[in-house]
Structures are given as C-alpha cells and as structure tokens.
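Number of protein chains: 8
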Amino acid sequence: MDNTYSDIGFAKLDLSREERTGAPETVYCAGKTCEQLLIILKTFYEKGIAVLGTRCSTAQYDYVKDSGLPLHYNETSHIIVLGQHKYVQSAGILAVCAAGTADLPVAEEAAQVAEFFGIKVERYYDVGIAGLHRLLSKIENIRKADVVIAAAGMEGALPSVVAGLIKAPVIAVPTSVGYGASFQGLTALLAMLNSCAEGVSVVNIDNGFGAAMAARKILRLKEQK
Amino acid sequence: MDNTYSDIGFAKLDLSREERTGAPETVYCAGKTCEQLLIILKTFYEKGIAVLGTRCSTAQYDYVKDSGLPLHYNETSHIIVLGQHKYVQSAGILAVCAAGTADLPVAEEAAQVAEFFGIKVERYYDVGIAGLHRLLSKIENIRKADVVIAAAGMEGALPSVVAGLIKAPVIAVPTSVGYGASFQGLTALLAMLNSCAEGVSVVNIDNGFGAAMAARKILRLKEQK
Amino acid sequence: MDNTYSDIGFAKLDLSREERTGAPETVYCAGKTCEQLLIILKTFYEKGIAVLGTRCSTAQYDYVKDSGLPLHYNETSHIIVLGQHKYVQSAGILAVCAAGTADLPVAEEAAQVAEFFGIKVERYYDVGIAGLHRLLSKIENIRKADVVIAAAGMEGALPSVVAGLIKAPVIAVPTSVGYGASFQGLTALLAMLNSCAEGVSVVNIDNGFGAAMAARKILRLKEQK
Amino acid sequence: MDNTYSDIGFAKLDLSREERTGAPETVYCAGKTCEQLLIILKTFYEKGIAVLGTRCSTAQYDYVKDSGLPLHYNETSHIIVLGQHKYVQSAGILAVCAAGTADLPVAEEAAQVAEFFGIKVERYYDVGIAGLHRLLSKIENIRKADVVIAAAGMEGALPSVVAGLIKAPVIAVPTSVGYGASFQGLTALLAMLNSCAEGVSVVNIDNGFGAAMAARKILRLKEQK
Amino acid sequence: MDNTYSDIGFAKLDLSREERTGAPETVYCAGKTCEQLLIILKTFYEKGIAVLGTRCSTAQYDYVKDSGLPLHYNETSHIIVLGQHKYVQSAGILAVCAAGTADLPVAEEAAQVAEFFGIKVERYYDVGIAGLHRLLSKIENIRKADVVIAAAGMEGALPSVVAGLIKAPVIAVPTSVGYGASFQGLTALLAMLNSCAEGVSVVNIDNGFGAAMAARKILRLKEQK
Amino acid sequence: MDNTYSDIGFAKLDLSREERTGAPETVYCAGKTCEQLLIILKTFYEKGIAVLGTRCSTAQYDYVKDSGLPLHYNETSHIIVLGQHKYVQSAGILAVCAAGTADLPVAEEAAQVAEFFGIKVERYYDVGIAGLHRLLSKIENIRKADVVIAAAGMEGALPSVVAGLIKAPVIAVPTSVGYGASFQGLTALLAMLNSCAEGVSVVNIDNGFGAAMAARKILRLKEQK
Amino acid sequence: MDNTYSDIGFAKLDLSREERTGAPETVYCAGKTCEQLLIILKTFYEKGIAVLGTRCSTAQYDYVKDSGLPLHYNETSHIIVLGQHKYVQSAGILAVCAAGTADLPVAEEAAQVAEFFGIKVERYYDVGIAGLHRLLSKIENIRKADVVIAAAGMEGALPSVVAGLIKAPVIAVPTSVGYGASFQGLTALLAMLNSCAEGVSVVNIDNGFGAAMAARKILRLKEQK
Amino acid sequence: MDNTYSDIGFAKLDLSREERTGAPETVYCAGKTCEQLLIILKTFYEKGIAVLGTRCSTAQYDYVKDSGLPLHYNETSHIIVLGQHKYVQSAGILAVCAAGTADLPVAEEAAQVAEFFGIKVERYYDVGIAGLHRLLSKIENIRKADVVIAAAGMEGALPSVVAGLIKAPVIAVPTSVGYGASFQGLTALLAMLNSCAEGVSVVNIDNGFGAAMAARKILRLKEQK
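Protein chains in written order, with this note's numbering: chain A, 1 to 225; chain B, 226 to 450; chain C, 451 to 675; chain D, 676 to 900; chain E, 901 to 1125; chain F, 1126 to 1350; chain G, 1351 to 1575; chain H, 1576 to 1800.
Shown next as structure tokens:
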C-alpha cells in the first residue's frame, strides 16, 4: 500500500484517489497555515502533479506566490491552481446558474473547478426568481445542458423553479448570501432540501466545489456510452 | 371601562376590540376545554353577537353542537361560526393561493375567515412552482386582486414567485406541510421571510386566520377612499 | 423580451419590475464589490433612472462618491440615492414606530425608503413598552396613519401592543438589537410571528426596506379609490 | 447524616430539604410509575408529612385514589395533595396573572402550589396585551401585590408590560400555548428573557410550580422583617 | 395551455410534467384525505395513465383498495401503484445501499420508485460502518453501478465512506432512524452535507422517492449517449 | 402626561419610571452612537439626575470623558456612572457568586449596579462546582444573604447547587463563558432554566444588570416591613 | 471473509465483531418489525450465541415470547436477553449513579447491559444535586469504583459534581427526563459536554447501552494488567 | 479546609484537586486578562508547582514571557507550560488520530496535555475516511493502543470507523473544522454522539484538553493493576 499516499507528517496526500474515485486529491486551503500550504504545493509540484486548491485566502496566496511555483489565482472564486491540468474537454455541458450578483463567488468556484477538470461550462447569472422573465428568457439554453448547478441564497427557490422546467439533474448550492433569518445560508439549504420539484439534490452551503465534483461524477455517465 | 369587556371568570371577552382595532374578538378554540368553549359561545349568543371560532376540533364541535345554539362548522378549515355576521360585501378582492392540496386546510381557514367578514374571495389552489405553468395560466386573474394570500409548505417559494409578478401586497402563510427538514413549516417560514421579491410579509405557520385578518385591515384602505 | 432587463454580465438589471410589480429594481449593496456597485450605478445613470440602494457601507460610499454621479448618502440608514425620484406625494400616511434608540438604523431605512417613493412618513421613536405611557401619549396620532411599521428588538412586543390599539395594518420589523438570548433578532422575530393581536405581518430581521416596500404596496389601495 | 433522607430504593426522600432551603421535598409525578408514586405517598403518610405532588396525570390519580390515603386532586392544575399542610397564612400577597384562558393550567399550578404553602393569592386571568384595557383596569390592584407571577404563551409579552407598570418583582412563566413558531413555548421563553422592563426573571416553560417556589422564597423576606 | 394540466378543484394534475422534466406527476399521499386520494387515482385511471403514489398509509390503502382500480401496495415502502408503467428497462444500474435494517422503508421507497421507472436496481442492505467488512466485501459490486443511493440514519457516515471508494455519483439519503441527538434524522442530514468525500449530494430526510428521481435524471445521461 | 418623559428626538427619557416601577431609567449604551450617548448624559446632568449606564465600551467612554461631566467608569464591568446617586444603604444583603474568573465582568456588572442603588453586596468568586469545597467553605456566609445572584457559564450548575443549600431566592445569570457546545451561554441558560432546585429564576445571558434590578425589587420587600 | 457475518437478507449479523472490537453484535430492537426481530433471535439461537437486545417494546416482547426461545425481558430497562451469556465476572467495579427516579430506565439499561457482560455493578439512585447530602453520603463508596456512569436529565449537573470529587473516569448519560426547555434531554446533553470537571465524556441522550459498552472497553484495561 | 485552595481574590486555586480527582488544577487562559494570567502563574511558581495552561493566545504569551518565569509555549496547540512536570512515564499508550490537517491544533492540544502528564502518545494524522486506505494501513498499530482519541470535523465519522475496528475505548473530539452546515463543529459533535459503533464517548467541540484528561483517568486503571 506504499504508493497510494504520500506522508508528509501533518498530511497524507492521497495519490490513489483518482484511480479509486475518479477525482484526484485537491487542497482545501482554509484551516491550513501558509507554511503547510506551501509544503503541500511543493510536494505535488515535485511529483509533477497539477493540483487545484479551494478557499485560498489572499493572505495565503501572497505567501506562496513568490515561491517560483507555476500558480494561478482567481480573486472571485478564491481558487488556486498549480500547473496545467491534463484533462481533455468533456462531452457533456454543465450550466451554472446563480440567483444574484452576490452568489458569484460560489458560482465561480463551481464553474472554475469544473473547467479545471475539462468540463464545458455555461454561466447564467442573476436569474433569480424575483424577475422570473430573466430566467425564462434563458431556459431553452439551460434545457440543453446535461447537468445544472443552481446557486442561490436568501429563500433559495431557484433550483426548484429550474428543476420544474428541465430534464437534467439539478445540483442545488445554497449560499450564505442574505441576512437576518437567512442564518448564513441555512434557510436556503433547508428550502432546497424541501424542493417540491424532482431531481434536485443538495450540497453544503457555499460548496461550489462539491457541486462541481458531483457534476463531474454525473457527466462520466455521458462519456462512458 | 365597564362595558369594554365581559368577565366570565376564566376569560374576559373583549367587547370593544372592533371599535379599537376594526376587528371583533374571535375565539381560538384550541387549548380551551369543551365546557369553556360552550360558556363562551353562550355568552356571545346571549349578547346577540355573531362570532367566529378557529381551530375547533371535531370533538369540541361534537360537544357544543347539541346546545341549541345556531352553529355552523367546516371540517376542512375547522372553523365554527355562531350566528349570522353583519358585514356587508367588501369592495376589494382577496385572492387565496395554495401551493398544493395538503395546504387546503390553511388556505380555507384564510378564505372562510375573510368571507365571514364580507370579503370577496377568489381561490387559486394547487398552483405550486413545480409546475409553473399552472400558476402562470392564472396570473392575469390574480393580478386583479387587491390583496393576495399565498400559502405553501415545503420550500415555501410560492409567495416569492407570485410577488415578483404582481402589484398587490402578498401575505405569505407558511404551512406545516412536508416532512424531514421541513421541520413542521419552519423551512417554509424562513424561506418566506427571506423572499427576494418585494412586498411580501409573513404570518405564523398555518396561520390562515392571521393572514385573513391582516388582509382585512389592508382592504379597509380601499374602502376608505 | 429584449428591453425588460439590462444584462451587464454579473447582473441583469430588471427594467420591467416597476411595470410588473409596481416597484422598480433597487440595489442591495451588501455582497457587491465596490466595482460592481459603481458599474450598476453608472448603468442606471446612463439610462436616466433614479435608483435607491440599501445597506451601502461607508467603504462602498467612499469608493463611489467621487465618481461625479449625483449621489446622496445617509449614515444612519446606510441608504444611497442616485438622482431625483419621480414619485408624487402619496395620499396615505405611514407611521414608523421604533421601540428604542438602537432600532433607529432600521426604522430610518424604512422611513427613507418610503419617502423615496413619495410616501408621507411620521416617526414615533423610543416608544418601547417598558414605559408604556410614551406610546400611549402618541397613540391617537398613530391611529390616524393608514399603515404602521413597528420596529423592535429584544422581546419584540411593540407591534403586538400597537396592533391591539389601532385599526391600520401593522408591519412588524424585528431588529437585531439585544444580546444573549435575543440571538441577533431571532427572538423578536419569533415573538412578532406569534402576536396575539390581529393584523400583524412580519418581515425579515432588520428589513426596514422590505417593510417599506410592503407598506407601499398596501398604500396603493388607498390611491386606487 | 442518617435522618436527612429516607432511602426507599428507587428514591431517597429528602427530609432535611425544608430546614436547608425553606421548602420541603415535593413530588414530581411525571416519569414515575403508578407503583412508585403510591409507595412514595405511603412513605410520606407513614411519616405524618403532608406533601404536594405536581403533574399528576389522571391515570396516576386513578391508580392511587383508592389507596385510602387522604388525597385531593385538581384536574386543571394536575396537583395532588396528601394530607393537610401546616403552613400559616403568609403576610405578603402574590398576584398570579395569565394572558389567556389556555394558560390557566399553568397559572393554577402556580396559584395552588402557593396556596399549599399558606400564601395569599389573587388571580388576574385573561389580561393579555391584545386587549390592553383589560390589564390596565386591574393594574392598581396588581400594584398592591408583593410578588407577581405572569404566565403567557405565544409572544409572551405580558410580563414585560406588567413589569413596566409596577414596583414588585415579576416572575415570568412562559407557557406552551400557541402553535407553529411558538415552538411549544420557546418563543415566549426567549421573549421573557429579553424583557426590556427591569425586574423580570424567568422560569422554565409551563413551570408554574417553580414560579410559586421562587415567589415563596421571595416572600420570606417580607416575613423576616 | 389547456391540456397541460387537469383541474379537479382541490388539485391540478400536471399532465405536461413528463414532457417538461422527464418525470411524470406522482402522488404524495400524505396530507391528502382518503376521498381526495381516490378522486385523484380515478382521474388518472380514466385518462389511462399509470401513476405511482408515495407515503400511502395503510388507512388510505384500505379506503381505496375496494374501488375496483388496479392497485398494488407495498407495506414496507408505503408505495401504491395504479396500473402498469410503460417504461422500458434502463441501461444503467442503480445500487441502493442501506446502513441498517431500520433504514429499509426508506431504501425500499427509493428502490421501488426506481423500478417503477424501469431502472435496474441492486440492493445492498445492512452495510453500515460499524462492521466495515460487510461493506468492503460488497464494494467491488457496488463499484459497477452507475449511480449509488446510500441511506443511513444515526451518524450518517455510510455515503462518505462509499463515495471515498467508488467513481459513481452518490446520492445520500438521511433517515430518521436513531434517537436522542439524532433529532429525527437531522444529524445524519448534516453529516452527509459535510461529507469529506467528493461527489456526494443529499436529499431530504427519509426522501427515498427524491433520491430515486434524482438517480433517474442522472441515468438519462447514460441513455442519451 | 407632560413631565413623565423628556423627548430628545431619538429618545424619550423616562422620568416617571422610578415612581412607576421603583427603578429609574438607566442607559443601555450598546447600540447608541457616541454622539447620542453624550446628549443623553448631558440631558440627565442638566436635570440634576444621577444616572447609571451599562455596556459602555472603552471607545464610548473615551468620547464622553472629556465632556466635563462628572463621570466614573469601570473597565471590568463596563459601567459608567454620572453624578452621585441618592440611595441610602439598604437593609438587606445581596451575595454575588461567580463560578470562574472569566465570569467576573458579568458578576461585577451585577454587583456594581446593586451598589449604585445602595445595596450591600458580598462577593464570592471562583466558587464553581469542579472544586465543590471552595463553595462549601463559604456556604454559611452565603446563607446569611437575603438574595443571591449566581453567575456561571459552561454547564451553568452553580445556581442549582447553591439553591439546594440555602433559603434565599437565587437569581441565576448564565454567562457566555465557554466554547464549542456552550453556544455563547445558551447551554448555561438552558441548564439554569431546568434547575432541579427550587427557587431559582433566570435572566438573560450576561445580564448582570437585570439580575441586580430583580434583586433590588426583591429586597424592597425587606425594607417595607 | 465468509464467516465474519451472517446474511439474512434484511440484515447481516456481524459475527466477527467481538473478535474485532471486544464486544459482540447486539440487537437494537427499535425500528425493527416483530417479524424481523424474531428471525434475528432465531438465527442467533441456531448458532448457539447468547445475545442481548435493547429498546425492546412490550409489543415486540409479546410477539416473540411464545416462540419457545429462552428469553428474559426486563420492563424497566426494556432489555431482552436470549440465552445465557458466557462472560466471567470482571475484576473492576462499575458505579451507576442516577439523579432521579425518572432516570431509572436509562440507568437500568446501563446496569443490566454491563451485568450481561459480567461486570460487577453498584447502583446509586436518586442522588441528584438538589439534595447534595444524598450524594455526599455515598461518595466514599463511589470513589472505590473503577468507572462511573452518571445519568441525569433536566440540568444534567450530576456528572460534573461527581467528577469533581473522584478519580475514576465518568461517563455521562443525559436523559430525556424533564419538560419545556429540557428539550427531551438536549439541555442535559449540552451541559454535560460543557462540564468544568475533568475526565467526563458523554454519550447520546438515554443511551445507557452505549455508556455500558464504553465502560466495558475501559474496564478491559484493568483486566489486562 | 485551609490548605485546599489558595484565594487570590479573583480566583481560588484548587490545590487539593489532584488528591481528590487525580488531576491537578490547570489554567484555562481564555477569558482571563493578561494581568490575571500572570498573577496566577506567579502564584503557582511561588508554591513550586508546575502547571499547564490551555488556550493561551499569542497576545497572552507575549505578555507573560518576559516575566522571568520558566515558561514553554507551543503555537500549534496554544499550550503554555510553567516549570517541569513531575509525572513518570505511564505504562499505557494513547493513540491520537486526526482526520485532516486542519484538525491538528486540537489533536496537538490532546497529545501535549497527555505528554505533560507522562503519557506515551502516538500520533496518526490525516487519516480521514475519504481515503480509507490511509487509516487501514495504520490500523494494526492503532489496535495496540490502550486508549484512542479521534479528532475530526466536518461529518465527524472517524471515531465511528475506528471504534468499529479496535478493542480500545475511543474518545471522540469533534472539531470546528468545516464551513456552512458544519456549524462550527456541531455537526461533527452530533454525528459522534450518534455513533453506531460501541465504546465511543464524546467531549466538547475542540476540547483536546478534555479528551486527554479523560484518557488519563482511563489509563489509571492500567496502572492500578
């Protein structure tokens, strides 16, 4: 079981994850010290493995950016990428819908993670239900996607409305957008779990990454044909 | 302050409420013993006052129905009415929308309370957002109402969608319809409070009565013109 | 459906909302970057549309104030206004009541939003129930209002007491004022939802804006006569 | 430490509690089997000690009533009393206020427990804040009490309003009266804890017994003079 | 928009749902009266449409079973089926895993709903993580499935462990199995939403139906190839 | 009703509160701007009324301290006092107990508020139940107090243990001391509400002020004798 | 991996658990149908394995008792035992403490599970902290135990007080005894998790079984010496 | 009772705790002022007692480090140690497992506290269940430990999986690692309390200290043999 992970003391990098689950280990930067993050990135770099990190703060990026490693950072999604991924363009299409402008960081996390893995992404932003015509004017395009990610905060109704109008599976991402009784996304989460429309499944609050990974596993079915 | 209420020991019937607030005292039957309910109804009857009771259980109705009092009872809404109300038909129109069949007891409580007070009610039932075309096919009619009550359980998105499409004020009533993470209507309540559409205000879970009373106070504005 | 919204990439400005719902699109500044806010304001300015923004932080205002746009900012309510609104003075009167001094930011958000739309507002501040005589000394004036907004934190009892004394509809706004078991306004929210007085409906915690928009939709009934 | 309690296997009757705390052991009947309750009552009877039991269900009373023990049972308060208490009439007066008819079981638990200990009780029922004049018409009498217990469900505002009008300490008892977002009394409990009026302290939901015991300890101060 | 739904007063049967979303309307029996359920079933029968109902209580089945309608009922899953479905056997395979025996009603709801729609289902029951070898002995078979539904109560760890070992998307179904701090499935729900394994998305507590419908939408991708 | 309060626009200072409730208006500084606080203090000063303010932040004190007003500030309790109070030393004794060192700010708020009103206070600090002998070594002294305030965070057991050992009423103050599942004092609050010892009543989390005001109202009984 | 479990369709009996974890599979009867329970018991009986079942309802026992299997059932603890266990008397002593009479079902579950596995149990019942002398009079005996289980509902302070007085590890079991803000044991659970005394660890609400199993694993250390 | 504690005004240092409970008083630094902390450390130093402090912030350490006291500080665990402990190496072995890198501060708090008391600690880090092979590759070593502490955030499944594979008691430590519906460790806490594996008991969120102290009390059994 030697070469299935790399033990660097405070972490064991899971090198067999892609073979096991179809998805390689990624780096969840939050909660790691700058020093730990740099060591992890260097370890991947030395093994010649491209890797994606999520929730990388500006402070963390400032610490690692001068390391000489080939890094790209996106300020909206807080995604950091080391090296060049190896994935070929997927056959299927992922539509990423967001209810409002404040949901963009989460939607972009989903979109950019998917793109890292070679998935073709179409973005539909600010299509929240307070102005339903904005969504309806795009629905024919959204219907052509193979999987849909729908991100929304506040009352979190977007995934339900979308799922009631299309055939593709909908992955709902509650966001922490809102105030007061939104309880940092809990209301949107609960609303999405209670969707009266079929085919909706839900990931954690603000978990654009998880939605993209679930979408990727689903899109594999299309490619297996 | 003598004649503003009638003291019958365990209760003080508020006889000046209509003059003060525009709405007469009504009877919340839940939590009262059958004996207490009968005494209250008899007291109103002896004073020649028609009165409406809500949340009257079948057991309570069975107890009081043979009293000789002029009573009407509705099994869906659990409303009991003593005598004949005195209210003239209102000028304004109240639309009562319900997302699903299981929301009918709450929607009917709202509708029948409003009708007791002389309000003209139009019912739009099973117009939940999983099949948006059902709502959209009725929206032109709903737009003509002066006030809209929208009752929904589960993710509670109906009031938001309606309010985004019409000009009238929308009173949202979360219902306890659902299971699991609906938490007996809490999810619908929270979702409605976080509505991204303007002009939505919310009453307690399953509170069709309260929605109707708020609608009545609002419709007064139309009649004052 | 071309001219119903303006697509600026990260946002789709809803230009048909006023026609649809009677209320124009407004800007919820929280969660938007300074850059996004400025682009949105410029877009409205170029279209010649006056617009109101809520929850504009001092930092956001500092960023946009030197843009040459005709802006007004209020530090208590955190409202920013671009241009001069077009609304004529409304017939009805809105009373805005606040329980304590700490509730003023929310009450002022409600009052100033209403005033932007031409509503005549009367303010009744620091009328909380710990000193009931302060409220009772004003109640005859409050009774003359067509709609009442009542903002309170802590135990949130003000709307119930007011609604028990007047005929106008009462829109309750829980505020996050308090500490400990106030849970950032949750207690006031729950208390208001359980009001034993009729005609009370509730908006989200600290949602002065939503209360004003609901009041505006209600006051339309008076103007339709 | 021999004679400070009586060990009967499943229970240790605390015989020194009155000496220690001023209040004798009482029996909380809920959660005890009928057999256990009967053994406990018999043990007290054999020791010649009068004892009060709370939350005695009808089923429990039916089981023990034919035992030949001198028992009294009240169906509203669910209090059972064994024997004749020994307490002389207290100097102070306790006012027990209840917001609505449905709060009576809790209010009566408080009142009857107090009376068992010789306290003079005055009852003010159905004085909830939706009809404030009912409370105000009694307030001069209530002001003469030495301690006030105020029981209310729903939004639980009664103790705050009372405490803002009188000098005596107010013990607030939230009741589980209500539905939906009353959460079986949680809302009333939270509201009472956040009272903006001074001198309010709170006991558990439906804990009329606890309120009476706290009142009794407070009234001791009057008697010590 | 005439023939897109059938209006039977208390309900509007959504006849265009399958065309719109790929899934036909089904009947959620809970919260409907026996009379309503029978009318709905008869309406479908008269239109010649096979239909599936979930959460049909024994009492509801007893009421409708003598109607002469061609009905089948399953006591474990509480599923009622009217008529014979029209769906051909799907290409993909759905694995339904359950942690314990008490999770079977939920797992069977998922499995039987899927089978109604022609999906090939493999069942893996009692593979909870307290005896990991039971799961590991089956994992090679589970890896061959195209989609996996994993149902678990208590700490809800099964979906995480499964998703860490296979490539297929995992739909997690928390069940209300447990006691105390399981809070009727809330703990399992939260645990599944926080899964550290990629590709897990979650449906409502006990929502076997929803999991099956999401699986069906996902399996469509395989059939489109 | 003219001279019962002083209206300064954003606030109405309640000048009749002491006559009504036995306690004068005090100033809750949190949530007030520095400007508002200074105006309020000056208003009281001009009327010749000594006043106590709670939760005065260092920043607020820094703003008002150079105003020339006779102010005293305590950094532990965050209490600010304007002028010299007029109260004579009370007959009764208040014992203030605190479980740990971190509870001192709350305990001192209670103690100093009481002292402002002339109450004789005895402090018993760091007597938490993990080292029961520390409490037991002081219990004879505590028994001599007329009222006891017991402040504790974490599991909040101190008031229960104290109340089981003495005759005086115990006012329990949960503090926000703790971490994790202490939930900022919620656990201590709930524990105190469920006290198995008689005579315990509870105030809001960290509400040393409220505990002192309740104690003051209770001690009045002693002085009335 | 053939003989590590027995697959009976709806369940896989874990036959290697004792070898793996030191504790054999037991049967959690709640949530199982009577038929399932009987099949499981028969399977164990046929394999000659004695087995213990918890949370066996009276209805379940009534169903299985006439099966001819050698069963013993305890009505207080709801434990059912099949056959005769094989365990020799343990060296260590387990003390089971319970705060009140209503905690006995949980305490007995713990005690009888432990006894099934050969552990010597000493019971200390009704030693709650409202009458501390009852606990203190037994503390010297409790100190001699090797492990202590402390069960309590309401404010759940017993484990903290015990752990502050002895050297043995304390396993705290919150019980659902209480009402109102005890929230079915949640308050006791939270209090125990926040214990200020060292060496306390906690199991689920009412989980006497789990406490006994943890105690058994701990007592193994004594036997290994 | 003189020499059982040292009274320094704001604190009473518990000098008899080790004799009573087997564990000496330690210092919980959070919530203490820098001045208080220094006084406490000096008091211990003057008495010649080595002491361990937890949750010592960098700011607190910076304040006390120049005092001349013999102090050691660890930045990961936030533990401060005064002097040299007196404990001899324990016979038993404690295994500390952590699911991910972000759990290290908690795991190290547990490990270093245990080491202070002379316990032999083995660390197994980053063995979370998303890559089960990392745990399984170490499980034979972990099986040799006498007690296991398992720290995990997010879904908190590690303790269940470990406990299902070994014979030693498992102390579960939920950590606040995660986001959204992890609710600062609440989800992990609940999951651990609902563990389907036997022999798991739980301490407060992030309470590495408490886990170590419980482990120490358990390991005493091994040494008593």
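Here a beta-carbon is modelled for each residue, glycine too, at the ideal position from N, C-alpha and C.
Buried versus exposed call for residue i [16 or more other C-beta atoms within 10 Å across all chains shown]
i, result
"T58 of chain A", "exposed"
"K873 of chain D", "Contrary to the premise, residue 873 of chain D reads as Glu rather than Lys in this sequence. Result: buried."
"V1027 of chain E", "buried"
"G210 of chain A", "buried"
"K1792 of chain H", "buried"
"G9 of chain A", "exposed"
"G723 of chain D", "exposed"
Chain F residues whose Cβ lies nearer than 8 angstroms to that of residue i
i, result
"I1793 of chain H", "Chain F residues near I1793 of chain H: none, gap ~19 angstroms exceeds 8 angstroms."
Beta-carbon neighbours of residue i, restricted to chain E and to distances below 8 angstroms
i, result
"I227 of chain A", "The first residue shown for chain A is 1 and the last is 225, placing residue 227 of chain A beyond what the model contains."
Nearest-angstrom Cβ-Cβ length linking residue i and residue j, presumed shorter than 8 angstroms
i, j, result
"L1571 of chain G", "G1667 of chain H", "7 angstroms"
"V845 of chain D", "G883 of chain D", "Rounded, the Cβ-Cβ distance is 15 angstroms, inconsistent with contact."
"C929 of chain E", "L937 of chain E", "6 angstroms"
"K1790 of chain H", "I1724 of chain H", "Strictly speaking, residue 1790 of chain H in this sequence is Ala, with Lys absent from that position. At roughly 6 angstroms, the Cβ-Cβ gap stays under 8 angstroms, so A1790 of chain H and I1724 of chain H are in contact."
"N419 of chain B", "A181 of chain A", "6 angstroms"
Residues that residue i contacts on chain F, provided the C-beta gap is smaller than 7 angstroms
i, result
"D1678 of chain H", "By Cβ distance, chain F contributes nothing, its closest Cβ being about 14 angstroms from D1678 of chain H, past 7 angstroms."
"A843 of chain D", "K1342"
Sequence-distant residues of the same chain with beta carbon closer than 8 angstroms to residue i, five excluded per side
i, result
"Y1130 of chain F", "K1137, L1138, D1139, L1140 and S1141"
"L894 of chain D", "S765, A766, G767, L769, I794, D821 and V822"
"Y511 of chain C", "L521, Y523 and I530"
Same chain, Cβ closer than 6 angstroms to residue i, neighbours up to 5 away in sequence not counted
i, result
"L414 of chain B", "P399 and I430"
"A613 of chain C", "V620, A647, G649 and V650"
Within chain H, the residues that residue i reaches when beta carbons sit closer than 7 angstroms
i, result
"S1095 of chain E", "E1730"
heavy atom of the ligand FMN below 7 angstroms from residue i C-beta
i, result
"D1412 of chain G", "Ligands in the displayed structure: none, and consequently the ligand FMN is not present."
Per-residue contacts from residue i into chain E (C-beta, under 7 angstroms)
i, result
"L146 of chain A", "The sequence shown places Asp at residue 146 of chain A, not Leu. By Cβ distance, chain E contributes L1121."
Under 8 angstroms by beta carbon: chain D residues contacting residue i
i, result
"F341 of chain B", "Simply none; closest approach about 19 angstroms."
Chain B contact residues for residue i, given Cβ-Cβ distances below 7 angstroms
i, result
"L135 of chain A", "None at all; the shortest Cβ gap to chain B is about 10 angstroms."
Proximal chain G residues relative to residue i, where beta-carbon distance stays under 7 angstroms
i, result
"G1031 of chain E", "Y1355, D1364 and R1367"
Check your understanding: Taking three-plus beta-carbon pairs below 8 angstroms as touching, is the segment 331 to 341 of chain B in contact with the segment 267 to 287 of chain B?
Key -> Counting Cβ pairs under 8 angstroms, three or more are found: they touch.
Check your understanding: Is the segment 1100 to 1108 of chain E touching the segment 196 to 209 of chain A, taking contact as three or more C-beta pairs under 8 angstroms?
Key -> Touching, yes, given that three or more Cβ pairs across the two stretches are closer than 8 angstroms.
**Study point:** Segment contact, 8 angstroms Cβ cut-off, at least three pairs: the segment 1672 to 1681 of chain H with the segment 1728 to 1738 of chain H
**Key:** Under the Cβ criterion (8 angstroms, minimum of three pairs), the segment 1672 to 1681 of chain H counts as touching the segment 1728 to 1738 of chain H.
Review point. Do the segment 1432 to 1442 of chain G and the segment 1412 to 1423 of chain G touch if we need at least three Cβ pairs shorter than 8 angstroms?
Key: Yes, the segment 1432 to 1442 of chain G touches the segment 1412 to 1423 of chain G.
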